[in-house]
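The next block holds one structure in the form of structure tokens; read it before the comments.
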Amino acid sequence: MKKLAINGGLASRDINKSPWPKWPVWGKEEEVALIEVLNSGVWSYNGPKETEFNRLFAEYTGVKHAICTVNGTITLQIALEALGIGVGDEVIVPGLTWQATAATVIDVNATPILVDVSEDNWCIDPKEIEKAITPRTKAIIPVHLYGAFADMDAVMAIAKKHNLYVIEDCAHKHGGEWNGKKAGSIGDIGSFSYQLSKHLTAGEGGSVTTNNSELADKLDALRNCGRRPEADAFEGVDKGAGDYGDDDGNFIQSGNLRITEFQAAILVEGLKRLPEQNANRDANGEYLNALLDKIPGVAPIARDKRETKKAYFNFAFRYYKNEFKGLPIEKFRSALEAELGIVVDASYEPLNNCSLYVPHTKPSRHKLNDAYWKAIDPKRFSLPVCERIFKEESVCVHHKVLMGTKADMDLVAEAIKKIYTHAEELMD
């Protein structure tokens, strides 16, 4: 396929030597903090950096409690466990999300119910939630996907009406706000990821957030081998020697799901940069969306007026091949990659046909009985909107693209215009 280069520009460069901003971002501050941890000898387990980050992230998110864990998959699992969700329960999740959103439901022996998403923002469709509720439904997991926010007004109203829990999957939404409230502060529990691609990262890691102190107690125990939180500061408490601070053995079954002090140190510094980075991505995203709105065959993802602060994981937009003379979306993405020297992806695979969401590959773990085995088969769900988005419409680029300048956004728009002009040549 012909590779179009804008005035001999970015497309002629090695895609592995991208001119776009680097990710992750770090500086001398991280170096100093990591050496501080190294020299302290306190490398894990409720250390001062983890304690500091928990406090800072709770304040930033606007919740009473924030608790670090090993990753953003475990955050979902312990959220379900803390809420007492398990065998016989159903949890409603969107069909367009990373597989962990549904897989963790199976990991607690509950049943994920996959529902379709809204056409305008690719987040869970409230109308589909209502249709999926049964007497066994116990929770909803709305996912704030890419640059969009699930309709939390509708989700919370449905949850209140049917007495359901809400676990916000905020892996893409650190710092985003809905009606002035941060993601992760609206539902019963918020779940965050700090995996390398995320816009707040320590390479790996995660957090759970909540305003419920009883849930926080359970969440903290679940990530810490079942030990209840200490009433006093961690100094002087030797958990390795069996000093758990509870003579009555008030523990619960769990395992070691803790973060390290090195990760927490990086997160403390990254959180300081996050508001400015989010603001820059928001300004560039709004500008680029305005440019896309003027180009035939592409369309921005809808931004709800109730979304008072934007936070992007990926920048996504829609593509309509009929406007591009029938150019298949795969060729459009490849051409855009060639033009700009960036990776251009589709959305996540719909979970009813996702190569990574295959619970039937683990019969020894998940085949509790024939009825449950049938219930967790993802292929039993119909997700036409998710499937169309993935197969025909989705174009996604990493959020680092939005960390540049308005001139960079102009370049993206110009590349799309050029592909539009040369669409017939790219059909070869």
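The C-terminal position of the sequence shown is numbered 417 in the working numbering, with every residue numbered one higher than the one before it.
Even for Gly, the Cβ is constructed at its ideal location relative to N, Cα and C.
In this text, all values refer to a predicted model and were calculated from it rather than measured experimentally.
Counted within 10 angstroms of its Cβ, other Cβ atoms place residue i as buried (16 or more) or exposed
i, result
"Ala356", "As written in the sequence, residue 356 is Lys, which differs from the Ala given in the question. Lys356 is exposed by the Cβ-count criterion."
"Asp236", "Confidence is the limiting factor: at Asp236 the pLDDT is only 48, short of 50, which leaves the residue's position unreliable, though a coordinate-based value still follows. Label assigned to Asp236: exposed."
"Val21", "exposed"
"Asp177", "buried"
"Tyr154", "buried"
"Lys294", "exposed"
"Asp3", "With a pLDDT of 47 at Asp3, under the threshold of 50, the modelled position of that residue is not reliable, and the figure given next carries that caveat. Exposed, because fewer than 16 other Cβ atoms sit within 10 Å of the Cβ of Asp3."
"Pro124", "exposed"
"Pro115", "buried"
"Lys351", "exposed"
"Tyr301", "buried"
"Glu382", "buried"
"Pro8", "exposed"
"His161", "buried"
"Ala412", "buried"
"Pro101", "buried"
"Tyr309", "exposed"
"Gly179", "buried"
"Arg354", "exposed"
"Gly194", "buried"
"Asp158", "buried"
"Ala404", "buried"
"Asp421", "Because the chain spans -10 through 417 in this model, residue 421 falls outside it and cannot be assessed."
"Lys171", "buried"
Assumed close pair residue i, residue j - CB separation to whole angstroms, cut-off 8 Å
i, j, result
"Tyr135", "Cys343", "Actually they do not touch by this definition, with Cβ atoms about 17 Å apart."
"Ala67", "Leu211", "The residue you asked about is not Ala; residue 67 is Ile in the sequence shown. At roughly 4 Å, the Cβ-Cβ gap stays under 8 Å, so Ile67 and Leu211 are in contact."
"Asn278", "Pro285", "That pair is no contact at about 15 Å."
"Ser174", "Thr58", "The pair is not a contact, with the Cβ atoms about 18 Å apart (cut-off 8 Å)."
"Ile118", "Val104", "6 Å"
"Ala419", "Leu256", "Here the chain covers residues -10 to 417 and nothing more, so residue 419 does not appear."
"Thr297", "Asn168", "6 Å"
"His188", "Gln266", "7 Å"
"Gly164", "Leu263", "6 Å"
"Ile365", "Ser336", "Not confirmed; about 23 Å, so no contact."
"Ala128", "Leu72", "6 Å"
"Asn110", "Val76", "Actually they are not in contact, since the Cβ atoms of Asn110 and Val76 sit about 33 Å apart, beyond 8 Å."
"Phe181", "Gly30", "At roughly 28 Å, the Cβ-Cβ gap does not stay under 8 Å, so Phe181 and Gly30 are not in contact."
"Tyr346", "Ala91", "6 Å"
"Val106", "Val374", "6 Å"
"Arg217", "Asp206", "6 Å"
First and last residue of the uninterrupted beta strand (DSSP E) at residue i
i, result
"Asn303", "303 to 308"
"Pro83", "79 to 83"
"Ala291", "From DSSP, Ala291 is part of no beta strand (DSSP E); its letter is neither H nor E."
"His355", "Looking at the DSSP string, His355 is not in any beta strand (DSSP E); the run it does join, the alpha helix (DSSP H), is 352 to 355."
Residue i - containing alpha helix (DSSP H), residue span
i, result
"Tyr409", "395 to 410"
"Cys375", "373 to 377"
"Lys158", "Residue identity check: residue 158 is Asp in the sequence provided, not Lys. Where Asp158 is concerned, there is no enclosing alpha helix (DSSP H), although the beta strand (DSSP E) it sits in stretches over 154 to 158."
"His151", "141 to 151"
"Lys363", "359 to 364"
"Ala279", "250 to 281"
"Thr93", "89 to 96"
"Ile318", "318 to 329"
"Thr64", "63 to 71"
Paired residues, beta bridge with residue i - DSSP
i, result
"Gln184", "Gly192"
"Asp334", "Cys385"
"Val106", "Ile113"
"Ala128", "Val80, Tyr154"
"Asn213", "Asn245"
"Ser33", "Thr249"
"Lys167", "Here residue 167 turns out to be Trp, not Lys, going by the sequence shown. Beta-bridge pairing links Trp167 to Lys170, Glu296."
"His54", "Thr199"
"Pro101", "Val80"
"Ile284", "Paired residues: none, contrary to the question."
"Gly179", "Glu157, Thr198"
Residue-level contact to chain D via CB, residue i, 8 Å cutoff
i, result
"Cys159", "The displayed structure is made up of one protein chain only, and chain D is not part of it."
Should the region 383 to 398 be called in touch with the region 9 to 24, which here means at least 3 C-beta pairs below 8 Å? yes
Using 8 Å as the Cβ pair cut-off and three pairs as the minimum, do the region 242 to 251 and the region 29 to 39 touch? yes
Can we say the region 77 to 87 touches the region 132 to 149, given the rule of at least three CB pairs closer than 8 Å? yes
Would you call the region 369 to 380 and the region 269 to 276 in contact, with 3 or more CB pairs under 8 Å? no
So, do the region 141 to 155 and the region 317 to 331 have three or more beta carbon pairs nearer to each other than 8 Å? no
Does the region 42 to 55 come into contact with the region 297 to 308, if we say contact requires no fewer than three beta-carbon pairs (one atom in each stretch) closer than 8 Å? no
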